[in-house]
Structures are given as C-alpha cells and as structure tokens.
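Peer 1: I'd like to ask some things about the structure below.
2 protein chains.
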Amino acid sequence: MSIDYQTMWTDLGLDLTSHDALLNVLGTAYRDIYLAQENRPETMAYFDFVMSEVHGLRIKELLDEKAAGRKIIGSYCVFVPEEMVLAANATLVGLCSGADFAMEEVEKLLPRNTCALIKSSFGFKLGKVCPYLESADMIVGENTCDGKKKAYESLRPLVDNLYVMDLPQVKSANGKALLKSEYLRFMEALQELTGVAVTTESLRSGIKTVNAKRNAIHRLSALRAADPAPISGLDALLANQVFFYDNPARFTDAVNKICDELEQRVASKSGVCPVGTPRILVSGCPQAVPNWKLPMIVENSGAIIVGEESCVGERGTRNCVDESGSTVDQLIDAIVERYFQVDCAIFTPNTDRLAHIEEMVKAYRADGVIHYGLQFCQPYLMEAIPVEKALEEKGIPCLRLETDYSMEDAGQLTTRVEAFVEQLR
Amino acid sequence: MSIDYQTMWTDLGLDLTSHDALLNVLGTAYRDIYLAQENRPETMAYFDFVMSEVHGLRIKELLDEKAAGRKIIGSYCVFVPEEMVLAANATLVGLCSGADFAMEEVEKLLPRNTCALIKSSFGFKLGKVCPYLESADMIVGENTCDGKKKAYESLRPLVDNLYVMDLPQVKSANGKALLKSEYLRFMEALQELTGVAVTTESLRSGIKTVNAKRNAIHRLSALRAADPAPISGLDALLANQVFFYDNPARFTDAVNKICDELEQRVASKSGVCPVGTPRILVSGCPQAVPNWKLPMIVENSGAIIVGEESCVGERGTRNCVDESGSTVDQLIDAIVERYFQVDCAIFTPNTDRLAHIEEMVKAYRADGVIHYGLQFCQPYLMEAIPVEKALEEKGIPCLRLETDYSMEDAGQLTTRVEAFVEQLR
Chain A
1 MSIDYQTMWT DLGLDLTSHD ALLNVLGTAY RDIYLAQENR PETMAYFDFV MSEVHGLRIK
61 ELLDEKAAGR KIIGSYCVFV PEEMVLAANA TLVGLCSGAD FAMEEVEKLL PRNTCALIKS
121 SFGFKLGKVC PYLESADMIV GENTCDGKKK AYESLRPLVD NLYVMDLPQV KSANGKALLK
181 SEYLRFMEAL QELTGVAVTT ESLRSGIKTV NAKRNAIHRL SALRAADPAP ISGLDALLAN
241 QVFFYDNPAR FTDAVNKICD ELEQRVASKS GVCPVGTPRI LVSGCPQAVP NWKLPMIVEN
301 SGAIIVGEES CVGERGTRNC VDESGSTVDQ LIDAIVERYF QVDCAIFTPN TDRLAHIEEM
361 VKAYRADGVI HYGLQFCQPY LMEAIPVEKA LEEKGIPCLR LETDYSMEDA GQLTTRVEAF
421 VEQLR
Chain B
1 MSIDYQTMWT DLGLDLTSHD ALLNVLGTAY RDIYLAQENR PETMAYFDFV MSEVHGLRIK
61 ELLDEKAAGR KIIGSYCVFV PEEMVLAANA TLVGLCSGAD FAMEEVEKLL PRNTCALIKS
121 SFGFKLGKVC PYLESADMIV GENTCDGKKK AYESLRPLVD NLYVMDLPQV KSANGKALLK
181 SEYLRFMEAL QELTGVAVTT ESLRSGIKTV NAKRNAIHRL SALRAADPAP ISGLDALLAN
241 QVFFYDNPAR FTDAVNKICD ELEQRVASKS GVCPVGTPRI LVSGCPQAVP NWKLPMIVEN
301 SGAIIVGEES CVGERGTRNC VDESGSTVDQ LIDAIVERYF QVDCAIFTPN TDRLAHIEEM
361 VKAYRADGVI HYGLQFCQPY LMEAIPVEKA LEEKGIPCLR LETDYSMEDA GQLTTRVEAF
421 VEQLR
C-alpha cells in the first residue's frame with residue numbers, strides 16, 4: 001500500500017491484526033504466483049497496482065463516493081444487475097469470498113460440509129477483514145443454490161441491510177416473469193436507498209457502462225484464441241476477478257489497453273508460452289479473489305488456460321444488454337432477457353451450459369477441459385458428471401476436479417493435472 | 001410373502017437375486033427392530049401384514065388396478081398432491097428411498113457427497129429392486145433441494161415418463177402463483193395420461209379421501225401426547241411411512257382401529273413404556289422405509305419418540321384441504337393453500353418450521369428434540385444450527401445428529417443419544 005490506511009480500516013471496524021495478516025498472505029501469494037510469471041503483458045501493470053491497492057485506494061474511492069452521497073451495494077452473484085445499481089446512482093462491488101478465514105467461527109454458524117465460497121463470505125465478515133463488506137450500504141443475496149439461500153438466513157443477523165433476491169429454477173415463462181418481478185422489486189429497493197429515481201437515460205447509461213466493460217472482456221477473451229496464447233490464464237482470470245471491484249469505466253480502459261498490447265503480440269506471433277502448449281478450458285465453479293489455486297497448478301504443469309466457463313469468466317460476462325429500448329420498462333425487459341440467459345447450474349435443465357462449454361472449446365481452441373468443482377457445491381458437482389460424459393463422447397478430454405481453498409491437496413491436484421496435460425500433448 | 005410373486009417380479013424387470021437379498025435384509029430388520037418390541041398395540045398387526053406384503057400383495061393390487069385401466073404415479077415428495085392424482089383416476093405411491101443399494105453404480109451418476117435419500121432412489125432403480133418404481137406409469141420429480149433438482153436430470157434417461165414439477169423457494173405472492181400454475185400443469189399431465197377429466201366431484205372426493213387419511217394420522221399423533229406413550233415411535237413412524245404406499249381408504253381404517261386401541265390404553269393409563277420415560281421429538285430430514293435407524297437407537301436407549309417433525313411425519317400430514325369449494329378452480333385454490341403451508345427447508349425464510357417444532361414439543365410433551373440431518377442435505381443441515389440455538393434459548397434441549405443409511409456410525413450415535421437421554425431424566 002502506498003498510503004497509510006490504518007485509520008480508514010479502523011473506522012470501518014476491521015480487525016487490524018487479522019487484516020494485516022490477510023494482506024501479508026495476499027501480497028506474498030500475489031508476488032509468488034503473479035509477479036513470478038514470465039512474458040507478462042506490460043499493461044498488466046494496471047492490475048498489479050489494483051491488487052496492491054485492493055483494500056486501500058479502491059476502498060478510499062468508495063468512501064469518497066459515500067461522502068459525496070453515493071451508495072455502495074455489495075453482492076455475491078452475477079445475477080445482481082449492475083446496470084440498475086449504476087442507474088440508481090450507486091456502485092456495485094463483489095464481496096470477498098476467495099480465501100478461508102476465521103473457519104472456527106464460521107463452523108459455529110454453517111455446517112462443515114458447506115462450500116468454501118460460502119464459508120469464506122462468512123469468514124471475511126466474522127473475521128472483520130473485508131473493507132468492501134464494511135463499506136456497503138446494502139448487501140444483496142440471492143436464492144441461487146441451497147447453500148447460499150439458507151446461509152443468507154444466518155448472515156442476516158451479522159450485517160446491516162441484507163436484501164435477498166428470489167430467483168427462478170427453470171427457464172420457463174413463469175421463471176422469466178419471476179426474474180422481471182424480482183428485478184423491479186430490487187430497483188425499487190435501490191431507489192428507496194439512494195433517493196434517486198431511475199430514468200430511461202440513467203438506465204441506458206448504466207447499460208452502456210456495463211456493456212462496455214463486458215465488451216472489453218470479450219475482446220480480451222477472443223485474443224486468447226491465438227496460439228501462442230498472448231496472456232496467461234492467471235492474468236486473464238485476474239481481469240475477470242477485478243471486473244467485480246473496479247471503477248467500471250477505468251476497468252474498461254485498462255482492459256482495452258491490455259487488448260491493444262495483446263493484438264500486437266498476436267500479430268507478431270509472440271505469447272506467454274511456446275506454440276503448441278496444451279490449451280485448457282476451465283469450467284465450473286467461480287474462482288473469486290484470491291483463489292488462484294487451480295490456474296497456478298495448471299500453468300505450472302506446462303499447460304495454458306485459454307478460457308473460464310465460470311461466473312468469474314464467460315458465464316458471467318457473455319451477452320450484452322440491448323441498449324435500444326426507449327422506456328425504463330423496455331430497458332428492464334432487455335436486462336431480464338440478458339440475465340435470463342446466464343446458464344448457472346441452479347437451473348434445471350441447464351443444457352445451454354454444455355453447449356457453451358463446447359462452443360468455448362472450439363472458439364479458444366482448447367485441447368481439453370478441466371471441470372473445477374468446489375467441494376459440497378451440489379449444483380456444479382451434480383452437473384460435472386454428465387458434462388464430463390458428454391465431452392468425452394465428443395472426443396474432448398475432461399478432468400473432473402473437486403477441491404476447496406486449502407492447499408492441502410495441492411500435491412495431489414498437481415499430479416492429476418500433470419497427467420492430464422501429458423495426455424493432451 | 002404368502003404367495004409366490006416371482007413371475008410378477010420377473011415381468012416387472014426386477015433383478016430377482018438382488019431383490020431376494022433386499023427382502024431378506026428387510027425381513028430380518030423388521031423382525032429384529034419391530035417384532036422384538038414389547039407391549040405393541042395388537043392392531044399394529046395390520047402393518048406387520050402390510051410390511052410382509054410390501055413388495056407382494058400391494059404390488060399385485062397396483063398391477064390389477066393397471067390391468068383395469070388405472071394409472072400408477074410414483075413420487076418422491078410430499079408436494080405432489082395426491083388429491084389430484086386420485087381425481088384423475090390414478091393411484092399415488094411413494095418410491096423407495098430408505099436404504100443403500102447398488103452404491104457403486106450410483107456413484108458413477110451422482111457425486112459421492114450426495115444425501116443418502118437421493119442415492120437410494122437411484123440405487124433402487126439401478127439395482128432393479130423397486131417394484132413400485134417399475135409399476136409406475138409416470139414418475140414425478142420436483143425442484144425442491146439442489147440435490148433432487150439436479151439428480152432428476154440424471155434420472156431422466158433411466159426411467160420412462162419422468163415429469164418434473166417446479167416449486168417456489170419463497171412464500172411470496174409469486175411463489176404461491178407458481179405453485180398453482182405448476183399444480184394446474186400437473187393436473188393437465190395427469191388428465192392426458194389417464195384420459196380422465198378431473199371434475200368438481202372427483203376432486204372433492206380425492207380431497208376427502210386424503211383428508212380422511214390425514215385425520216386418522218392426526219388422531220394417532222394426538223394420542224401420543226399421553227404419558228405413558230401408548231405407541232412406540234418406531235410403530236408411529238411405520239404408520240407415517242406406509243401413508244405413502246397403501247390404499248388410502250384401507251390405511252385410514254387401519255389407523256383408526258389402532259387409535260381405538262390406543263384410546264383404551266390411554267384411558268387405562270397403560271402404554272409401551274413406563275410413565276416418566278424421557279420423551280423425544282424427532283425433527284428434520286425424512287425417514288423413508290426401511291430407514292428405522294434413529295428410532296431404533298433412541299428407543300433402545302431408554303427414551304420414547306412422541307412425534308416426527310418431518311416429511312414422513314407431521315410436516316407432511318398436517319393441515320387438511322378445505323373441502324367446501326364448488327368449482328374445480330376453488331378446490332385447486334384450497335389445495336394450493338394447504339400445500340403452500342408445508343414448511344420445507346427449501347423455503348427461505350422458513351420460520352414457520354421453528355414455530356411448529358416448538359408447538360409439537362408442547363403438544364406432545366417432549367422433553368427434548370433430536371434434529372435428524374442426513375449428511376449432505378444442505379437445507380436441513382443449514383437450518384439445524386439456528387433451530388438448535390433457538391430451542392436451547394427456550395430451554396428445550398436439542399441434540400443435532402448428522403448421519404446416513406449405513407450402520408457404521410450406530411455405536412457413536414448410540415453413545416450420543418444415551419448421553420442426551422440421560423440429560424433429560
């Protein structure tokens with residue numbers, strides 16, 4: 001950190017000792033995993049700065065926004081429409097859930113057999129180490145999986161102003177109607193919180209801002225189709241992770257600058273690894289900051305990750321919202337249309353996801369798929385078995401992994417990943 | 001079995017060797033657990049007969065019904081409205097899911113970390129040992145928990161005619177509208193299958209039949225409030241289990257005859273155990289036939305179970321459907337009204353359930369609650385922690401157990417249950 005933020009963190013109610021420990025671990029991990037990479041794009045320096053200031057400058061910015069009367073909304077899921085949040089003069093931030101923290105306290109509130117993502121969100125709250133959570137004026141939960149749905153009941157007494165959004169389980173007419181109804185209810189709650197009425201102009205502006213962010217990420221993704229890959233899976237994942245935290249316009253600019261550099265790399269046939277390096281698509285559960293375990297293992301095993309079929313990745317960012325509507329209602333319909341296409345495993349059936357995995361394999365010229373499942377994440381672990389079967393039937397090698405945030409199984413995972421990579425050569 | 005049913009089972013496609021093995025285990029378990037009990041009501045002889053013929057005479061009856069043009073509907077959940085099934089000239093049966101079978105095959109289709117109930121439903125299919133499943137003309141799944149919701153996707157290729165019902169997750173106006181819409185869609189599917197149109201008369205008749213069955217069980221439950229308890233928890237659970245399989249009218253008669261006998265017992269202050277025996281309410285996951293593990297352990301530990309807050313128990317049977325509607329639509333509204341009150345843990349929030357547990361503790365004069373959680377059942381395991389906390393705060397002792405269908409942990413469970421019972425004395 002370039003400035004002393006101790007006072008800011010104290011004012012937010014963080015536990016400074018624990019928080020220092022977290023930042024130390026995070027800094028060391030970032031240095032060992034990210035900065036140790038070779039041939040990184042120079043423009044990734046932006047994200048190095050972002051990460052060095054992830055609990056510093058970005059939090060100060062949010063607090064400055066709050067001081068100027070803007071509200072901060074924290075969320076745990078890609079179903080929370082940032083377009084509406086922006087239109088109501090608020091800022092959306094993803095909440096930390098990529099590392100184990102305060103597990104002993106967490107397991108007093110949640111069953112041990114709960115996925116690492118959910119436990120982490122509780123750990124950051126109970127351990128008082130997430131300045132995003134503590135800055136938020138409203139925290140938005142959503143009825144996606146059973147684990148999150150029921151966990152929000154136990155989170156409610158721990159936080160101020162938890163808002164829970166219901167979600168459909170089937171992509172039926174009823175399901176779409178429920179999503180629209182819930183988005184309308186959410187927009188009302190936002191307007192009540194901010195005192196700002198959403199207008200056609202503000203909503204269209206929000207849509208444009210988020211579309212621009214998505215388009216920049218789409219551009220980055222498309223460049224990863226090149227062989228040699230111009231950017232590592234680790235760096236691309238980081239961009240997808242920061243997607244949830246950063247100022248949207250600045251993020252869009254930064255990603256487009258990286259794309260400019262990557263275009264030059266592609267034109268000159270240079271990249272982060274030799275031509276012919278085994279190319280892997282990662283599919284499955286989200287990998288939230290600072291969960292870099294899988295890409296670190298994969299890319300240290302002589303392979304390169306060329307895409308993430310994940311909420312923190314293309315499942316979360318694909319498809320833009322139609323900007324052409326001329327009323328708030330038309331724009332909301334367009335928002336519903338876009339989010340209703342998200343092929344989360346909470347939907348049944350969820351055949352679009354399999355089609356998208358195959359599409360990504362083709363588009364990014366992947367040699368194989370690693371299905372990344374968080375232990376106890378029933379929706380993705382349940383889907384993993386038919387997904388693996390369908391891919392294998394089409395001649396696409398698939399490795400199904402189940403893990404958590406601890407490093408205890410790193411050796412075992414490495415062995416399995418190395419054997420899989422060998423099979424792809 | 002009193003008759004040779006081999007031909008019938010062969011025709012149904014059962015694996016006779018595996019099926020014989022299952023029946024042997026079931027017969028031995030029933031003898032050791034049920035018939036070994038002391039002071040059983042004489043009228044329980046009916047259920048002894050039912051159990052001895054559970055894969056025999058009852059299946060023959062269903063096949064005779066089919067031969068006469070009636071359809072058989074199999075279900076896995078208390079949200080499937082039997083009233084409608086009866087009104088469409090069909091018979092509803094619960095499908096076997098209370099024992100481990102063909103686990104090696106099951107774990108090729110489902111993650112190992114799936115609850116025993118779901119695994120069992122697959123095991124009975126894959127092992128070809130469930131004559132109910134093989135007799136069914138339609139199998140009804142439902143989007144309750146993630147585990148079941150996603151498992152039906154993998155069950156679909158294994159069975160003919162799987163119908164999946166969507167369910168709400170929130171008890172909102174939208175949620176109720178979804179339930180009604182899904183019940184209407186289900187009624188249409190039933191009518192198409194049977195070729196029989198549901199009328200006001202047939203629907204009211206179906207409602208009356210199921211209400212009568214529920215009222216008989218309510219009468220049985222109420223009698224368990226007496227000290228000494230006139231019937232064991234094991235026997236009462238069996239009645240609740242057979243609720244899902246038997247001919248409804250005959251079941252109602254049999255339960256009412258048991259109640260007549262229990263009333264005499266209560267009047268004469270006689271029962272199955274001494275006055276003052278520690279009284280336990282079991283709350284949590286369903287216990288399907290032949291899952292008698294917990295009541296066996298509890299009642300062998302010197303306590304008596306006086307109620308089951310469970311789908312196979314009072315959560316499933318409480319509340320009747322208003323019979324007074326004069327149109328099909330009014331009667332359907334009454335059905336929706338009744339089922340929408342089911343306080344399944346898939347709903348969020350689900351505070352009614354906690355209120356009902358406390359109500360049952362009072363009504364049945366329980367000294368403590370055992371929360372029965374199936375391993376990997378996220379909804380109930382998640383609720384168990386706040387339920388235990390709330391009960392303890394009200395001075396109601398609570399023991400939170402997590403188990404599966406294997407007997408490997410029987411010793412450990414016995415130790416914990418004995419210690420809990422000792423605490424209640």
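One line per chain: the protein sequences are A and B, in this order. So the first sequence is residues 1 to 425, counted in the working numbering. So the second sequence is residues 1 to 425, counted in the working numbering. For each residue, glycine too, the CB sits at the ideal point set by N, CA and C.
Cα-Cα, which of A/L190, A/N161, A/L262, A/E104 is closest to A/M44?
Peer 2: A/L262
Peer 1: For a contact meaning CB atoms closer than 7 Å, what does A/A151 contact in chain B?
Peer 2: M382
Peer 1: Only counting runs of 3 or more residues, tell me where the beta strand (DSSP E) segments fall wholly within the stretch 331–382 of chain B, in order along the chain.
Peer 2: Runs of the beta strand (DSSP E) inside the stretch 331–382 of chain B: 368–374.
Peer 1: In chain order, what residues of the stretch 315–328 of chain B put their CB closer than 9 Å to some CB of chain A?
Peer 2: Answer set for the stretch 315–328 of chain B: empty.
Peer 1: Just to confirm the assignment, what range does the beta strand (DSSP E) spanning A/S75 have?
Peer 2: 71–75
Peer 1: For A/S406, would you say it is in contact with chain B, using Cβ-to-Cβ distances shorter than 8 Å as the test?
Peer 2: Not closer than 8 Å to any Cβ of chain B, the Cβ of A/S406 fails to qualify, so no.
Peer 1: Mind pulling the beta strand (DSSP E) runs of 3 or more residues that sit fully within the stretch 78–125 of chain A?
Peer 2: Segments of the beta strand (DSSP E) lying fully in the stretch 78–125 of chain A: 90–94.
Peer 1: Taking Cβ to Cβ, would you say B/P111 is nearer than 8 Å to A/L381?
Peer 2: yes
Peer 1: Check whether chain A comes within 8 Å of B/P379, counting only Cβ atoms and requiring the distance to be less than that.
Peer 2: yes
Peer 1: Per DSSP, which one or two residues make a beta bridge with B/I139?
Peer 2: Beta-bridge pairing by DSSP links B/I139 to B/G74, B/L162.
Peer 1: Which value, in whole angstroms, describes the spacing of the CA atoms of B/Q330 and B/E337?
Peer 2: 10 Å
Peer 1: Per DSSP, what are the beta-bridge partners of B/S283 in this structure?
Peer 2: B/E309, B/H371
Peer 1: Using DSSP with H/G/I as helix, E/B as strand and the rest coil, what is A/L12?
Peer 2: Correct three-state label for A/L12: coil.
Peer 1: If you follow the alpha helix (DSSP H) that B/C130 is in, where does it begin and where does it stop?
Peer 2: Where B/C130 is concerned, there is no enclosing alpha helix (DSSP H), given that its DSSP letter is neither H nor E.
Peer 1: With a Cβ-Cβ cutoff of 8 Å, do A/V140 and A/L281 count as a contact?
Peer 2: Result no, Cβ atoms of A/V140 and A/L281 do not sit closer than 8 Å.
Peer 1: For B/P71, count neighbouring C-beta atoms within 10 Å of its own C-beta (all shown protein chains included) and say buried if the count is 16 or more, exposed if not.
Peer 2: Pro is not the amino acid found at residue 71 of chain B; the sequence shown has Lys there. So B/K71 ends up on the buried side.
Peer 1: Just curious, the beta strand (DSSP E) that A/L178 is in, first and last residue?
Peer 2: That residue, A/L178, is in no beta strand (DSSP E); its alpha helix (DSSP H) goes 173–194.
Peer 1: Helix, strand or coil for A/A410 per DSSP?
Peer 2: A/A410: helix per DSSP, three-state reduction.
Peer 1: Give the residues of chain A in contact with B/V170, contact being defined as C-beta atoms less than 8 Å apart.
Peer 2: N143, D166
Peer 1: Residues of chain E with CB closer than 7 Å to the CB of A/L26, please, in chain order.
Peer 2: Here chain E cannot be found, since the structure's protein chains are A and B.
Peer 1: Kindly list, in the order they appear in chain B, the residues whose Cβ is closer than 8 Å to that of A/L109.
Peer 2: I385
Peer 1: Please decide whether B/G302 counts as near chain A, where near means a Cβ-Cβ distance under 8 Å.
Peer 2: no
Peer 1: Compare the C-beta of A/G147 against all C-beta atoms of chain B and say whether one is closer than 8 Å.
Peer 2: yes
Peer 1: Among B/A68, B/D343, B/L374, which one has its Cα closest to the Cα of B/T194?
Peer 2: B/A68
Peer 1: How long is the line joining the alpha carbons of B/M1 and B/I33, rounded to whole angstroms?
Peer 2: In this prediction, B/M1 scores a pLDDT of 49, lower than 50, which makes its location untrustworthy; the coordinate-derived value is nonetheless stated afterwards. Distance between the alpha carbons of B/M1 and B/I33: 19 Å.
Peer 1: Using three-state DSSP, classify B/C320 as helix, strand or coil.
Peer 2: Look at B/C320 here: in three-state DSSP terms it is coil, with no helix or strand label.
Peer 1: Of all the options B/I217, B/Y76, B/F122, which has the alpha carbon lying nearest to the alpha carbon of B/D235?
Peer 2: The shortest CA-to-CA distance from B/D235 to any of B/I217, B/Y76, B/F122 is the one to B/I217.
Peer 1: In this structure, does DSSP put A/I297 in helix, strand or coil?
Peer 2: The answer is helix: DSSP assigns A/I297 an H, G or I state.
Peer 1: Could you check the C-alpha separation between B/Q412 and B/D246 for me, to the nearest Å?
Peer 2: 35 Å
Peer 1: So, is B/Q6 buried or exposed, given that buried needs 16 or more other C-beta atoms within 10 angstroms?
Peer 2: exposed
Peer 1: Does the stretch 305–313 of chain B come into contact with the stretch 207–225 of chain B, if we say contact requires no fewer than three beta-carbon pairs (one atom in each stretch) closer than 8 Å?
Peer 2: yes
Peer 1: Is A/E53 helix, strand or coil by DSSP?
Peer 2: coil
Peer 1: Would you please state the rounded distance, in angstroms, between the beta carbons of B/E299 and B/S232? I believe it to be under 8 Å.
Peer 2: B/E299 to B/S232, Cβ: 6 Å. Contact.
Peer 1: Output needed in chain order: residues of the stretch 181–198 of chain A with a Cβ under 9 Å from some Cβ in chain B.
Peer 2: Per Cβ criterion, the list reads S181, E182.
Peer 1: Since B/T43 sits in a beta bridge, which residues does DSSP pair it with?
Peer 2: The partner list for B/T43 (beta bridge, DSSP) is empty, contrary to what the question assumes.
Peer 1: Taking only the alpha-carbon atoms, compute the straight-line gap between A/V129 and A/R58 and give it to the nearest angstrom.
Peer 2: Near 15 Å, if we compare the C-alpha coordinates of A/R58 and A/V129.
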